[in-house]
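Numbering (my numbering), first residue to last: 1 to 404. Glycine is no exception: its CB is placed at the ideal position from the N, C-alpha and C atoms. Here is the structure we will look at.
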C-alpha cells in the first residue's frame, strides 16, 4: 500500500494541515506538499493587504504547532465588536449591537496574511518538507492507492488533500460539484490611519452596498474590509488617494475620529461556494477548496483551520493504528464533522449579507428590532461570542490547544 500523503496547495490551511501531521510524528519522508505558485507569488500577484481575524481556536492551533511566537508581535487583539445599521447618508450611526470578549482571551487576533503564510512555510522547511512547484495534471485510483500525475512525473499516494483554493483543480478532477454564486460585490481591503483610539474594538457598519468594517491593529491604525457593489468599487478604486480617503472617512462615520491616511489597497471579488462533497475516493478537500463564505463574519480561514485540525487528527489516529489514511470511513467521518459547520456558516453569512445589503425600509425595521433584541439578551450575546471564538461541536484537539 502506498504510504505517502500528498497535499496540493501550500496556503495557510494546506501548510497547517501538513505541519499538524508532522508535529504529531508523521515522518517528513511520508509527506509531500505541492504548490504551482511556490516561490512565484511576489512576481505574479499584485499587492495583498488582507489582515486575518484568527479566533481563539485558530490561535490555540498555531500555538500547538509552535508558530505563534513568530506571529505574536504582529498579532493585535480584538476585544469587542460594535455593529450599526444605517444609510450611508446618515449623520449619526447609533450602536445596534455590541458585545465584548470573555476576560480570559480576546474574541480574535488580527494577523497579516502574508506574515502567517511565510511563518507556516518556514516551519515546514525547518521540519524537512520542501514545497515543490508542481502542477497536478490527473489522478486515478490504482489498486490500494491513488496514482497522481504531475508535470514532473507520477507517484502513488494513499491520500490526496486538496488545499488548492476556491478554483481547486483537485476538486474539479475528483468530479465534485460546487454550489454557489458571485455576490456582485468586491472586498476593498487596506490599512487606514485615524485620529481616534480604537481600544481593541472592531466596528462594522451595515450599509446598503455591503458591510464596512474596521478591525483594530496598533493604536491609530485599523484594518479596513469594505464590501461594496462591484460597479461602485470600480469607481472607488479609480479615485485619487485624497478622494478615496474621503470616501472611507464618510463610511467610517467618525467611529475612529477622522481617517487621516490610507496605506496599500487591494481588492478581491466576493462569492459563495460550497462543495457538494468534501471527500472522494482517497481525496479530501480543506478550506477554500471545500467552502468559500462572505468575509463579513471573518470566519473563512478559521473554518479552514478547523478542517486542517480535524483531518490531521483523523489521519494520525489511523496511522497510529496501522490503518490506511485513505480509508473511506475516515473520509466520511471528516465530511460529517466539517461540512455541516461550513454549510451553517455559508447560510448565516449569505442570509446576513442579503438582509443588510439593501435599503428596503420594512427590512431595516425588522433587522433593527432583531439586533436590539440580541443586544438586550445576555444569552444570545453569549452565543454570538462563542461563535466568534470558534467553539462548537466536534472541536478538534488542536483547536482546544491539545496536541494530537
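Taking residue i as part of the beta strand (DSSP E), name the residues at either end of that continuous run.
{"i": "residue 201", "result": "201-207"}
{"i": "residue 307", "result": "Where residue 307 is concerned, there is no enclosing beta strand (DSSP E), although the alpha helix (DSSP H) it sits in stretches over 300-320."}
{"i": "residue 142", "result": "136-142"}
{"i": "residue 22", "result": "Premise fails: residue 22 lies in the alpha helix (DSSP H), 12-23, not in any beta strand (DSSP E)."}
{"i": "residue 129", "result": "Segment: none, residue 129 is in no beta strand (DSSP E) and carries neither H nor E."}
{"i": "residue 8", "result": "5-8"}
Where residue i and residue j are concerned, what is the direct C-alpha to C-alpha distance, given to the nearest angstrom?
{"i": "residue 43", "j": "residue 218", "result": "Confidence at residue 43 is low in this model, with a pLDDT of 48, below 50, so the placement of that residue is unreliable and no value is reported for it."}
{"i": "residue 312", "j": "residue 21", "result": "6 Å"}
{"i": "residue 223", "j": "residue 329", "result": "42 Å"}
{"i": "residue 45", "j": "residue 321", "result": "Bear in mind that the predicted position of residue 45 carries a pLDDT of just 49, short of 50, making it unreliable; the figure below should be weighed with that in mind. Near 43 Å, if we compare the C-alpha coordinates of residue 321 and residue 45."}
{"i": "residue 309", "j": "residue 402", "result": "11 Å"}
{"i": "residue 88", "j": "residue 95", "result": "15 Å"}
{"i": "residue 340", "j": "residue 242", "result": "45 Å"}
{"i": "residue 107", "j": "residue 53", "result": "9 Å"}
{"i": "residue 109", "j": "residue 59", "result": "8 Å"}
{"i": "residue 115", "j": "residue 76", "result": "13 Å"}
{"i": "residue 55", "j": "residue 302", "result": "7 Å"}
{"i": "residue 123", "j": "residue 245", "result": "38 Å"}
{"i": "residue 398", "j": "residue 221", "result": "31 Å"}
{"i": "residue 336", "j": "residue 235", "result": "43 Å"}
{"i": "residue 79", "j": "residue 324", "result": "43 Å"}
{"i": "residue 199", "j": "residue 177", "result": "44 Å"}
{"i": "residue 394", "j": "residue 331", "result": "15 Å"}
{"i": "residue 255", "j": "residue 225", "result": "15 Å"}
{"i": "residue 197", "j": "residue 70", "result": "26 Å"}
{"i": "residue 423", "j": "residue 201", "result": "This structure does not reach residue 423, given that the chain is present from 1 up to 404, and the question cannot be answered."}
{"i": "residue 247", "j": "residue 99", "result": "27 Å"}
{"i": "residue 117", "j": "residue 281", "result": "29 Å"}
{"i": "residue 93", "j": "residue 6", "result": "50 Å"}
In chain order, what residues of the same chain lie with their CB nearer than 8 Å to the CB of residue i, ignoring the 5 residues before and after it?
{"i": "residue 129", "result": "18, 22, 28, 31, 32 and 33"}
{"i": "residue 250", "result": "88"}
{"i": "residue 173", "result": "136, 138 and 139"}
{"i": "residue 38", "result": "10, 131, 132 and 133"}
How many whole angstroms separate the CB atoms of residue i and residue j, which I take to be in contact at a CB cut-off of 8 Å?
{"i": "residue 290", "j": "residue 278", "result": "5 Å"}
{"i": "residue 8", "j": "residue 164", "result": "5 Å"}
{"i": "residue 263", "j": "residue 191", "result": "4 Å"}
{"i": "residue 147", "j": "residue 158", "result": "12 Å between Cβ atoms; not a contact."}
{"i": "residue 296", "j": "residue 349", "result": "6 Å"}
{"i": "residue 319", "j": "residue 333", "result": "The Cβ separation is near 15 Å, so there is no contact."}
{"i": "residue 266", "j": "residue 150", "result": "With 8 Å as the limit, residue 266 and residue 150 do not qualify as a contact, their Cβ atoms being about 30 Å apart."}
{"i": "residue 233", "j": "residue 186", "result": "4 Å"}
{"i": "residue 131", "j": "residue 35", "result": "5 Å"}
{"i": "residue 183", "j": "residue 83", "result": "Between residue 83 and residue 183 the Cβ distance is about 20 Å, and since that is not below 8 Å, they are no contact."}
{"i": "residue 211", "j": "residue 227", "result": "5 Å"}
{"i": "residue 252", "j": "residue 214", "result": "6 Å"}
I need the boundaries of the alpha helix (DSSP H) containing residue i, first residue and last residue.
{"i": "residue 110", "result": "Unbroken run through residue 110 is the beta strand (DSSP E), 108-112; no alpha helix (DSSP H)."}
{"i": "residue 68", "result": "68-71"}
{"i": "residue 398", "result": "That residue, residue 398, is in no alpha helix (DSSP H); it is neither H nor E in DSSP."}
{"i": "residue 248", "result": "241-252"}
{"i": "residue 61", "result": "56-64"}
{"i": "residue 213", "result": "It is not in any alpha helix (DSSP H) - residue 213 instead sits in the beta strand (DSSP E) that spans 210-216."}
{"i": "residue 169", "result": "169-173"}
What does DSSP give as the partner residues of residue i in its beta bridges?
{"i": "residue 283", "result": "160 and 280"}
{"i": "residue 228", "result": "186"}
{"i": "residue 82", "result": "98 and 203"}
{"i": "residue 271", "result": "182"}
{"i": "residue 146", "result": "141 and 157"}
{"i": "residue 221", "result": "193"}
{"i": "residue 294", "result": "Note: residue 294 sits in no beta bridge, so no partner."}
{"i": "residue 33", "result": "7 and 131"}
{"i": "residue 116", "result": "For residue 116, which the question treats as bridged, DSSP gives no partner whatsoever."}
{"i": "residue 76", "result": "110"}
Can you give me the Cβ contacts of residue i inside the same chain, cut-off strictly under 6 Å, excluding the 5 residues immediately before and after it?
{"i": "residue 300", "result": "293"}
{"i": "residue 152", "result": "134"}
{"i": "residue 105", "result": "56"}
{"i": "residue 404", "result": "24, 313, 316 and 397"}
Beta-carbon within less than 7 Å of residue i's beta-carbon, same chain only, minus the 5 sequence neighbours each way: which residues are those?
{"i": "residue 342", "result": "274, 290, 291 and 303"}
{"i": "residue 195", "result": "257, 258 and 260"}
{"i": "residue 112", "result": "51 and 74"}
{"i": "residue 410", "result": "Here the chain has residues from 1 to 404 only, and residue 410 is not among them."}
{"i": "residue 307", "result": "13, 286, 287, 290 and 338"}
Any C-beta of chain D sitting closer than 9 Å to the C-beta of residue i?
{"i": "residue 177", "result": "Considering every chain present, this structure includes no chain D. It has just one protein chain."}
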